[in-house]
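Worksheet: the structure to be examined is printed underneath.
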Amino acid sequence: MLVTAPADSTDQLTVTVSGRPTPPASTQITAPAHAWLSVVVAAAGGHHLSLTGPVGTPRAHLAKAVSRLMPDLARRDTGIVEAIWRLRPDALRLGLRRRPPSLWRGHLSSDLDLLGGGPHLQPGAVSLAHRGVLILDQAGALPSRTVAGLDDALAHKRATCTDEVGTRTYRAGFQAVFTSTRCHCLPQQHQHGVLFNCPAGSDDPAYTERLATLTRHADLHIDLDTNIACPHYDLAGKDLQGLARLADTAARRARARMRDLLVRRTADLTPELLAHPRWDTPALVRLRRHAHRRLSAGQHTAVARVALTLADLAGRPGPDHTDVHTAALLHGLHL
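Here's what the structure looks like:
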């Protein structure tokens, strides 16, 4: 995968993804530069990511890139992931065992498939994606009961299956990537393929509410129909291995900084941990003052975590004002 900046725009990046396992096939993917930056940030810091855009934008390609850029699993996590997958003999895991699992689920997925259960209380996709990525497409179209189960799994990093025989709880420490169109319109099957029907003005408040219930967990909210200048984080010229090394180096910096906090990913930092004096850089102190006046507690936490990951990507000991400003933009805010 090679990232290059086209000559006519500094706000777009064109990505060439070579076919695997055979090289002849390749795809050109063009997306806003800040969208590619958010993918690298998500991979490095373990942040949940929400990708929104009109039909035709490369939401799926960007979502799949997250797991490809994530560092290899630790040995302990490899054993845990393998143990979970052995409980689902019908599930086929693709890729190397040291790589984070990556799953895709759409709006037609069932409770059983997503959350687990059944006669043998088997784990669902939220558990199969433990320490990996679960891509949820059009999640706002899922039933309210399923959304509530996903919301609980995202909040507590576990999923509980219950039937008349008993109850079983599985780990569900997955990283979510939400992909959705700008309205609630869903793909309708057509005899020549998939046809999208997006009548102007069709807005479903229930869809929006269900989607917001899930995307509130995301630190990164990216609109693929806009451009945000991120000149201080230039990804042009780096291939897939280069981007992966960048994400891996940032993840290592984060783990070293947080070792005594028993936290391995920046996205796992809680508001209580972010209140520690070690984070009192001038930029984060200023952000804290903004939080009292203009930001909710959740917005402050998300921006601070993303700013820390941006600092790790840039090799800085702590976030500066550029990191905080960019983090706010990637969260969908303007400070």
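Read in order, the letters of the sequence shown are residues 3 to 337 in the working numbering. Idealized CB from N, CA, C, for every residue including glycine.
| Check | Outcome |
| --- | --- |
| DSSP three-state assignment for residue 201, whether helix, strand or coil | Note that residue 201 scores a pLDDT of 38, beneath 50, so its modelled location is shaky; the value from the coordinates is reported in the next line. Residue 201 falls in the coil class under three-state DSSP. |
| For residue 228, three-class secondary structure by DSSP | coil |
| Among 149, 222 and 239, the one whose alpha carbon lies nearest that of residue 309 | 222 |
| Contiguous alpha helix (DSSP H) assignments of at least 4 residues, all confined to the stretch 221-270 | 242-259 |
| Euclidean distance between Cα positions of residue 329 and residue 170 | 38 Å |
| For residue 71 and residue 45, believed in contact at Cβ under 8 Å, the rounded distance | 4 Å |
| Alpha-carbon spacing of residue 298 relative to residue 33, whole angstroms | 30 Å |
| Buried versus exposed, by CB contacts within 10 Å (16 or more), residue 243 | exposed |
| Close Cβ partners of residue 322 (< 6 Å) along its chain, the five nearest in sequence each way excluded | 285 |
| The stretch 140-155 / the stretch 208-228 touching (three or more Cβ pairs under 8 Å) | yes |
| Beta-bridge partners of residue 178, as assigned by DSSP | 136 |
| For residue 120, the three-state DSSP class (helix, strand or coil) | coil |
| Beta-carbon proximity of residue 272 to residue 303, cut-off 9 Å | yes |
| Contact under 9 Å by Cβ, residue 120 with residue 165 | yes |
| Nearest-angstrom Cα separation, counted from residue 184 out to residue 203 | In this predicted model, residue 203 has a pLDDT of only 33, less than 50, meaning its place in the structure is not dependable; the value taken from the coordinates is given anyway. Distance between the alpha carbons of residue 203 and residue 184 is about 11 Å. |
| Residues near residue 335 in its chain [Cβ-Cβ closer than 8 Å; skip 5 each side] | 297, 301 and 305 |
| CA-to-CA distance, residue 256 to residue 123, given in whole angstroms | 36 Å |
| Reduced DSSP secondary structure (H/G/I, E/B, other) of residue 33 | strand |
| Residue 199 classed as buried or exposed, judged by whether at least 16 other C-beta atoms fall within 10 angstroms | In this prediction, residue 199 scores a pLDDT of 47, lower than 50, which makes its location untrustworthy; no coordinate-derived value is stated. |
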